[in-house]
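Q: To start, I am sharing the structure in question, which I have written as structure tokens.
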Amino acid sequence: MEYSSKLLGNAVNEISQLPGIGQRTALRLALHLLKQSESQTIHLSEALLRLRTEVNFCKSCQNISDTEICEICANPKRDRSLVCVVEDIRDVMAIENTSQYQGLYHVLGGKISPMEGIGPQDLNIVQLLNKVKQGEVKELIFALSSTMEGDTTNFYIYKQLEGYEVATSTIARGISVGDELEYADEVTLGRSILNRVPFENSMKAN
Numbered sequence: 000m001e002y003s004s005k006l007l008g009n010a011v012n013e014i015s016q017l018p019g020i021g022q023r024t025a026l027r028l029a030l031h032l033l034k035q036s037e038s039q040t041i042h043l044s045e046a047l048l049r050l051r052t053e054v055n056f057c058k059s060c061q062n063i064s065d066t067e068i069c070e071i072c073a074n075p076k077r078d079r080s081l082v083c084v085v086e087d088i089r090d091v092m093a094i095e096n097t098s099q100y101q102g103l104y105h106v107l108g109g110k111i112s113p114m115e116g117i118g119p120q121d122l123n124i125v126q127l128l129n130k131v132k133q134g135e136v137k138e139l140i141f142a143l144s145s146t147m148e149g150d151t152t153n154f155y156i157y158k159q160l161e162g163y164e165v166a167t168s169t170i171a172r173g174i175s176v177g178d179e180l181e182y183a184d185e186v187t188l189g190r191s192i193l194n195r196v197p198f199e200n201s202m203k204a205n
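Numbered according to numbering that gives the first Met the number 0, the sequence shown spans residues 0 to 205.
Spelled out as structure tokens, the structure:
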């Protein structure tokens, strides 16, 4: 696509790098920004720059945070013996929106997927095992999506926990097989957590 302005073309090319945005949508967004006040565009660019340079990942759970320890992990009212294992920060947000869970989280940063070249060493699994070794965690809730990759990741972590006194459970299958947590409605997701089942039972069901 040819542009009458190289500056416009550069902006469109950068915006189109975002997931789900093609050249036409990027052009529409760029032209929209040109119609807005200069201050609004500056505020947007500053917010994006601060997001990239100042955001932290919680040293305890790997959730996104403005500080070294996120608000959830720092909250003394949360049940520190209960840890919900999720794929990414969007899952934390989805579960928090249910207001049905009062434990902590651990964000793996993905799922084991040999087809995509993602192995256990690429995820935050060692950090999770270290938490269990410290003895404070009494139950892990596997809340990964019901896909082959999610089940593989759950099973891998489960096998690594052999010998440790920690219960493992998985969210009830109110979440359809193949569904991602972030797209589940809050009522269904909340019930799936409350009605979680022992992980061993889920393996028998499969």
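We put the CB at the ideal spot given by N, CA and C, even for glycine.
Just to confirm my understanding: we take Tyr100, look at its own chain, exclude 5 residues before and 5 after, and list those with CB closer than 7 angstroms. What are they?
A: Counting from 1 along the sequence shown, the entry for residue 100 is found at position 101. Contacts found: Cys83, Ile94, Ile192.
Q: Look at Val165 and Glu138 and say whether their C-beta atoms are less than 8 angstroms apart.
A: Reading the sequence shown from its first residue, position 166 is the one you call residue 165. Reading the sequence shown from its first residue, position 139 is the one you call residue 138. The Cβ-Cβ distance between Val165 and Glu138 falls below 8 angstroms.
Q: With 16 as the cutoff for other CB atoms within 10 Å, does Arg195 come out buried or exposed?
A: As a position in the sequence shown, residue 195 is number 196, starting the count at 1. Under this definition Arg195 is a buried residue.
Q: Looking at the structure shown, is Asn12 part of a helix, part of a strand, or coil, going by DSSP?
A: Along the sequence shown, one-based indexing puts residue 12 at 13. Asn12 falls in the helix class under three-state DSSP.
Q: Straight-line CA distance for Cys72 to Lys5?
A: Walking along the sequence shown from the start, residue 72 turns up at place 73. Walking along the sequence shown from the start, residue 5 turns up at place 6. Rounded to whole angstroms, Cys72 to Lys5 spans 47 angstroms at the Cα level.
Q: Can at least three beta-carbon pairs, one atom from the region 150–170 and one from the region 121–134, be found at a separation below 8 angstroms?
A: With a cut-off of 8 angstroms, the region 121–134 and the region 150–170 count as touching, because enough Cβ pairs lie within range.
Q: Go to Asp90, then tell me how far its beta strand (DSSP E) extends in each direction, as first and last residue.
A: For the purposes of this step, residue 90 is taken as the residue at position 91 of the sequence shown. That residue, Asp90, is in no beta strand (DSSP E); its alpha helix (DSSP H) goes 88–95.
Q: Tell me, please, which residues DSSP counts as bridged to Glu138.
A: Indexing the sequence shown from 1 puts residue 138 at position 139. Its beta-bridge partners are Leu81, Ala166.
Q: Rounded C-beta distance between Leu143 and Asn129? I'm assuming under 8 angstroms.
A: Counting from 1 along the sequence shown, the entry for residue 143 is found at position 144. Counting from 1 along the sequence shown, the entry for residue 129 is found at position 130. Contact doesn't hold; Cβ gap of about 19 angstroms is too wide.
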